[in-house]
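Plus 282 on top of the position in the first sequence (first one is 1) and you've got our numbering.
The structure appears below as structure tokens.
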Amino acid sequence: MPADYRSMFDIKWIRENPEAFDLAIQRRPGQTAMSSQLIELDHKKRIAETLAQEIKTKRNALSKEIGVAKALGKDVAHIIAKVSESKNAQVSAEMEAITAKAELNNVLADLPNLPLEDVPDGVGEEDNVEIRKWGEPRAFDFVPKDHVDIGERLGMMDFETAAKLSGARFVMLKGGLAQMERALGNMMLNIHTRDNGYTEVNPPALVNDASMFGTGQLPKFGQDLFKVESGHWLIPTAEVPLTNIIAGHLVDAEQLPQRYTAMTWCFRSEAGAAGKDTRGMIRQHQFSKVELVSITTKDASSLELERMTRCAEDILERLEIPYRTIVLCAGDMGFGARKTYDIEAWLPSQGAYREISSCSVCGDFQGRRMNARYRSKKGIKESQFVHTLNGSALAVGRTLIAILENYQQADGSVAIPRELQHFMGGLEVLEPVQ
RNA sequence: GGAGAGGUGGCAGAGUGGUCGAAUGCGGCGGUCUUGAAAACCGUUGAACCGCGAGGUUCCGGGGGUUCGAAUCCCUCCCUCUCCGCCA
């Protein structure tokens, strides 16, 4: 990463509130109190910058003198000699300032975002807190199968062929299930664009380093991503291109919020997930997802998280799939999040709720990284960094799993949720292929 | 892939080595006029950083170079546009 990438924390704030910073950062696993280290690096940086500035001030003044003297036809050789003398000192002072800045930024770039105060403490998923529940898990009069058995019996879910073509953690859907995936995406996008005010986007699936840095995948999590030979990265979520739409912009507050949705393929290397969810299509290298991204002001972001989460929950309610919503504890949140709600759909085969959506508010963390700002009032000079949010609504593959498992029937067929039937040409049930 | 033209403030668009951080227009802000608004007119208005302040530093696509001095000259990369070729 270039050294001049913006840091994601307000170092001035850390300087003024070191205890608060340390308390907050330590709620993250593996993080230690480090405000004193940061403040020291910052101090070093500012000393170096000041020195470099002083030297440059002198040089600039002399150079200007030369210009004036030359215009008057005077001899300038002695002034030029004077400037040349200080050249070495200037170069080394500049180098020192650049190095000091890079040192500080390198430390800051690896730090996760600070949890909001109302986020529960905890180190892992066992500390997450359920906040609401919707729907009654269905009572089966037979032993419910898992989505792999259901899909293969339908003759519409083929892991073997996908493995032949690509390897582990890929699947090939066929016939009715391929159609259902498309229908689900269509239904979700229709709802988000027509009812929820999101603008549909069809973004690039390959992005550059800067975009990945902006949303926080880089520099720390390159091993979770796929990279292609040209140097591009395959997006792990549409959050990356959608959020980066605002990168580098300075907008008026009236232009916010901006709400974007997209269905894209998501690509994840799943490094470090060895042995986890190996069966079936819960954890794949490639999956499709309908993503929501909101770009808001500081004051609006907390409410926007509630709104976004409701948009995601609404999809499950329309599909009549039981779910629960939990708030993640500080230790279980993603790198860039300040607060996260996970929505978990009921999976009868596991007798458990499993993640199908994750909605997060990132505060100004990403806004800082991508230098995206807004003016709070027209005519007011001061700008602030935008606040960003992202959420899945929903992960399409996992939604398909939830439908298969919740709507399965004893004879191996699968009923199609009422609201989805319209998107499948009126089809009401998927029957096994003979 | 070949040939050419470009990338400058919130936006548009001048500027080809020395008070240029940058003309002008739009937009924004303040005012005059108006019952109010619009129009017109006058004034004002780039950003980030350092500093208590005075003030200073950086920024004209990214990076490097030449020079006492670079928006301006050189190298390199990226992007956009036009034409040609190829192609879903």
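Don't be surprised by glycine CBs; every beta carbon is placed ideally from N, CA and C.
Quick caveat: nothing in here was measured; it's all calculated off a predicted structure.
Per DSSP, reduced to three states, the secondary structure at Thr622 is strand. Rounded to whole angstroms, the Cβ separation of Pro419 and Pro630 is 7 Å, and the two are in contact under 8 Å. Between Ala306 and Pro397, the C-beta spacing is below 8 Å. Here Asn653 carries a coil assignment [DSSP, helix/strand/coil]. No Cβ-Cβ contact shorter than 8 Å links Val696 with Gly437. Taking C-beta separations shorter than 7 Å and ignoring five residues to either side along the sequence, the partners of Leu610 in its chain run Asn410, Thr622, Asp624, following chain order. Straight through space, the alpha carbons of Ser665 and Met377 are spaced by roughly 30 Å. Along the length of the stretch 364-452, whole alpha helix (DSSP H) runs at least 4 residues long occupy 369-391, 429-436, 441-447, reported in chain order. Excluding residues up to 5 positions away in sequence, Gly496, Met652, Ala654 lie with their Cβ nearer than 6 Å to the Cβ of Ala529 in the same chain. Shown here, Asp534 sits in a strand according to DSSP, grouped into three states. Taking a C-beta distance under 8 Å as the contact criterion, Arg620 and Ser576 do not qualify as a contact pair. Leaving aside the five residues that flank Val533 on each side, the residues in its chain whose CB is nearer than 6 Å to its CB run, in chain order, Tyr656. Rounded to the nearest angstrom, the gap between the Cα atoms of Trp416 and Gly504 is 37 Å. Per the Cβ contact rule, the stretch 546-564 is not in contact with the stretch 592-600 (fewer than 3 Cβ pairs under 8 Å).
With contact defined as three or more Cβ pairs closer than 8 Å, the stretch 345-362 and the stretch 295-309 are not in contact.
With 16 or more other Cβ atoms from the protein chains shown falling within 10 Å of its own Cβ, Glu595 counts as buried. Between the stretch 519-526 and the stretch 559-567, the count of Cβ pairs shorter than 8 Å is below three; the stretches do not touch.
Restricted to the stretch 551-639, the beta strand (DSSP E) segments that are unbroken, complete and at least 3 residues in length are 568-578, 605-609, 621-629, listed in chain order. Contact check between the stretch 677-685 and the stretch 462-474: three or more CB pairs, one atom from each, fall below 8 Å, which counts as touching. Residue range 700-703 is occupied by the alpha helix (DSSP H) that includes Arg700, with no beta strand (DSSP E) assigned at that position. For Glu710, the closest of Val572, Met462, Ala359, Asp304 by C-alpha to C-alpha distance is Met462. Shown here, Val678 sits in a helix according to DSSP, grouped into three states.
Of the candidates Ala421, Tyr689, Pro699, Gln703, Tyr689 places its Cα closest to the Cα of Ile432. With 16 or more other Cβ atoms from the protein chains shown falling within 10 Å of its own Cβ, Arg309 counts as buried.
Contact check for Asn395 against Phe617 passes: the beta carbons are separated by less than 8 Å. Within the stretch 476-545, complete beta strand (DSSP E) segments of at least 3 residues are found at 532-534, given in chain order. Rounded to whole angstroms, Leu585 and Cys593 show a C-alpha spacing of 13 Å.
In its chain, beyond the 5 residues on either side, Gln372, Ala375, Glu376, Glu378, Ala379 have a beta carbon closer than 8 Å to the beta carbon of Ala334. Taking the Cα positions, Asp403 is about 47 Å away from Glu336.
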